[in-house]
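S.K.: In this text, residue positions in the sequence shown follow this note's numbering: the first is 38, and each later residue adds one. Virtual Cβ for every residue (Gly too), placed ideally from N, Cα, C. These figures come from a predicted structure and were not determined experimentally.
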Amino acid sequence: MNQRYVTGCIYGLALGDAWGRITEFVKYEDITPDMLILPPFLQVTDDTQMSLYALAATRELLNEHPDWVQSLPDTRSANQIRCFYADQFLGYFHDPDNTFDRAPGRTVIGALRAWDLLRKAPNRENLPELTGLEGAQGSGSKGCGTIMRSPWMGLLNIDEGALVTLAILQSQTTHDHPYADWAAAAAALLVRRIMAAHGGAPQGDLFTQEWWSEAGYEAGVDALELGRPYYLDFTPELEAELLKFLAAGANEIQDPQAYDRYLNNDISQALGQGWIAEECYRTAWVAAGLYGGNPEQALRVLVNTTGDSDSLAAVGGAFVGAAYGLDELLPQILGTFEPRYEKTLSNFTI
Ligand SMILES: [Mg+2]
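1. Could you round the C-beta distance between R319 and L327 to whole angstroms and report it? I think they count as a contact, below 8 angstroms.
2. Please report how far the alpha carbon of N302 lies from the alpha carbon of S250, in whole angstroms.
3. Rounded to whole angstroms, what's the CA-CA distance from C181 to A220? Just pull it up for me.
4. Give a single yes or no on whether I146 has its beta carbon closer than 6 angstroms to a heavy atom of ligand 3.
5. Mind the definition here: the stretch 182–192 touches the stretch 38–51 only if three or more C-beta pairs lie below 8 angstroms; say whether that holds.
6. Closer than 6 angstroms: is that where the CB of D138 sits relative to any heavy atom of ligand 1?
7. Residues in its own chain within less than 6 angstroms of G257 by CB, not counting five upstream and five downstream?
8. Could you have a look at F374 and say whether DSSP puts it in helix, strand or coil?
9. Measuring straight from C-alpha to C-alpha, what distance separates N341 and D347?
10. For the candidate residues R156, D111, D134, whose alpha-carbon lies nearest to that of T389?
11. Considering only heavy atoms of ligand 1, does any lie closer than 6 angstroms to the CB of D83?
12. Considering only C-alpha positions, which residue in the set A234, E101, T210, T386 is nearest to G147?
13. Excluding sequence positions up to five away, which residues of its chain have a Cβ less than 6 angstroms from the Cβ of R96?
14. Report the rounded CA-to-CA distance for G183 versus A217, giving the unit in angstroms.
15. Between D297 and ligand 1, is the CB less than 6 angstroms from at least one heavy atom?
16. Mapping the DSSP letters down to three states, classify G309 as helix, strand or coil.
17. If you scan the stretch 139–189 from start to end, which runs of the alpha helix (DSSP H) of 4 or more residues do you find wholly inside it?
18. Following the continuous alpha helix (DSSP H) through I205, name the residue where it begins and the one where it ends.
19. If we call anything under 7 angstroms between Cβ atoms a contact, is A335 one with G329?
20. Rounded to whole angstroms, what's the CA-CA distance from R161 to G172? Just pull it up for me.
21. At a threshold of 6 angstroms, does D303 count as lining ligand 1 (C-beta to nearest heavy atom)?
22. With a threshold of 6 angstroms, establish whether the CB of D347 neighbours any heavy atom of ligand 1.
23. Kindly list the residues whose CB is nearer than 6 angstroms to the CB of A204, restricted to its own chain and excluding five residues on each side of it in sequence; keep chain order.
24. Rounded to the nearest angstrom, how far is the Cβ of Y296 from that of P332, given a contact under 8 angstroms?
25. Run the CB neighbour count on K24, radius 10 Å, all protein chains shown included, and call it buried at 16 or more, exposed below.
26. Using only alpha-carbon positions, find the residue among H212, W152, Q174 that is nearest to G128.
27. Do G354 and G142 come within 7 angstroms of each other at the CB atom, strictly closer than that value?
28. I'd like the list of long-range same chain contacts for L73, defined as Cβ closer than 7 angstroms, with 5 residues on each side in sequence excluded.
29. Out of curiosity, what's the CA-to-CA distance linking Q107 and L200?
30. For T202, which of R119, Y378, L155 has the nearest alpha-carbon?
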């Protein structure tokens, strides 16, 4: 992987998260011009925190238990992998920096609290073997907590099938809807394809609107196909609806009027507010496709929304950062994150 774009993806997500934090719970009409200026001091939220945990967990999993990944789609391996992720996410649950002002998602916290209790249950050895689904089961949630933490997984050097699978399995530890799992897989796969594109073609106008339109759509379709053995309850109706939803995003990127449309309008109103996972994917992807050549503009359009601004901008930031690198993103953000995260982000290599 080209380190310049790895760094871009890492900082792009963290920047989008920290900038979008300012407008996360502010309606479009109440957003003031000062909120749309790059903040001088960047405080991350649960999006960056969980991304760090998800990436660390995936790396550790690949190092310590490659046999589990190789034995997939064996059910026992899938269960072991989910339990591993759920246990690693307890690190986030108990992290002293997981504070209310970072607006941690209710679905994630609820699922991890349930998992924590289950892990501490007396006579654990007499209970049935865990699947890793227990914390989330029954919530029916497709909140964007699954996708906001998955883009960096696309930076890891594993094949696309394994990438999609792990993105789905990590999602299932906290959420309980196939769209939540799918969105996590699609975002990781799109990052992977952006990174792969750097290898094959000259730079410059590589990432055209047409490229983004097709790549985002195909990542969505392929995440569906590659992950088929792992999705739970994906009905033909849900699948058909999703393909229509994706096609509308692809068309929007190729609409010649769309660029101007969202410069002074709320993109989340038209494409989806992003509190739910599939909308988070589509709105972030469309903004990257329309404004990616100017990453700051792409982020500002996502920050300037009624929707879940920090998650939209985090995911969109990962996409444009991976495509254009830190130099074109906003290199002046280096050194402006709070110390703990500045240190972690700057030490990042794949
Ligand atoms: Mg957040």
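M.R.: Inspection of the coordinates gives the following:
1. Locating residue 319 in the sequence shown gives position 282, where the first residue counts as 1. Locating residue 327 in the sequence shown gives position 290, where the first residue counts as 1. About 12 angstroms; that fails the 8 angstroms criterion.
2. As a position in the sequence shown, residue 302 is number 265, starting the count at 1. As a position in the sequence shown, residue 250 is number 213, starting the count at 1. Each residue's Cα considered, the two are about 21 angstroms apart.
3. As a working mapping, residue 181 is identified with position 144 in the sequence shown. As a working mapping, residue 220 is identified with position 183 in the sequence shown. Using only the alpha carbons, I get a separation of about 8 angstroms.
4. As far as ligands go, the structure on display features ligand 1 and does not contain ligand 3.
5. yes
6. Within the sequence shown, residue 138 is the residue found at index 101, counting from 1. The answer is no for D138.
7. Position 220 of the sequence shown holds residue 257. The answer, listed in chain order, is A223, L283.
8. Taking the first residue of the sequence shown as position 1, residue 374 is located at position 337. Strand at F374.
9. For the purposes of this step, residue 341 is taken as residue 304 along the sequence shown, with counting starting at 1. For the purposes of this step, residue 347 is taken as residue 310 along the sequence shown, with counting starting at 1. Answer to the nearest angstrom: the Cα atoms are 10 angstroms apart.
10. Outside the modelled stretch of the chain, which goes from 38 to 387, sits residue 389, for which no answer is possible.
11. Taking the first residue of the sequence shown as position 1, residue 83 is located at position 46. Within the cutoff, so yes.
12. Numbered from 1 along the sequence shown, position 110 holds the residue referred to as residue 147. Answer by Cα proximity: T210.
13. Locating residue 96 in the sequence shown gives position 59, where the first residue counts as 1. Result list for R96: empty, nothing under 6 angstroms.
14. By 1-based counting over the sequence shown, the position of residue 183 is 146. By 1-based counting over the sequence shown, the position of residue 217 is 180. For clarity, residue 183 is Thr in the given sequence; the question names Gly instead. T183 and A217: Cα-Cα distance of roughly 6 angstroms.
15. Taking the first residue of the sequence shown as position 1, residue 297 is located at position 260. No, since every heavy atom of ligand 1 falls outside the 6 angstroms radius drawn around the Cβ of D297.
16. On the sequence shown, residue 309 is found 272 positions in, with the first residue counted as 1. Residue state, collapsed to three classes: coil.
17. 143–157
18. Taking the sequence shown and counting its residues from 1, one reaches residue 205 at position 168. Here the alpha helix (DSSP H) through I205 covers 197–208.
19. Mapped onto the sequence shown, residue 335 falls at position 298. Mapped onto the sequence shown, residue 329 falls at position 292. Yes, these two residues count as a Cβ contact at 7 angstroms.
20. Residue numbering aside, residue 161 sits at position 124 when the sequence shown is read from its first letter. Residue numbering aside, residue 172 sits at position 135 when the sequence shown is read from its first letter. The alpha-carbon atoms of R161 and G172 are separated by roughly 15 angstroms.
21. Here residue 303 corresponds to residue number 266 of the sequence shown, with the count starting at 1. The answer is no for D303.
22. For this step, residue 347 is matched to residue 310 along the sequence shown. Yes - ligand 1 has a heavy atom lying nearer than 6 angstroms to the Cβ of D347.
23. One-based indexing of the sequence shown puts residue 204 at position 167. S187, M190, A221, A222, A225, listed in sequence order.
24. Residue 296 sits at position 259 when you count from the first residue of the sequence shown. Residue 332 sits at position 295 when you count from the first residue of the sequence shown. About 15 angstroms separates the two Cβ atoms, so there is no contact after all.
25. Any answer about residue 24 is impossible in this case: the structure gives the chain only from 38 up to 387.
26. Working through the sequence shown from its first residue, we reach residue 128 at position 91. Of the candidates H212, W152, Q174, the one whose C-alpha sits nearest the C-alpha of G128 is W152.
27. As a first step, residue 142 is located in the sequence shown; it is residue number 105 there, counting from the start. As a first step, residue 354 is located in the sequence shown; it is residue number 317 there, counting from the start. No. Outside cutoff.
28. By one-based count along the sequence shown, residue 73 stands at place 36. Contacts found: R337, V340, N341.
29. By 1-based counting over the sequence shown, the position of residue 107 is 70. By 1-based counting over the sequence shown, the position of residue 200 is 163. Cα to Cα, the separation comes out at about 12 angstroms.
30. The residue labelled residue 202 in the question sits at position 165 within the sequence shown. For the residues R119, Y378, L155, the minimum Cα distance to T202 belongs to R119.
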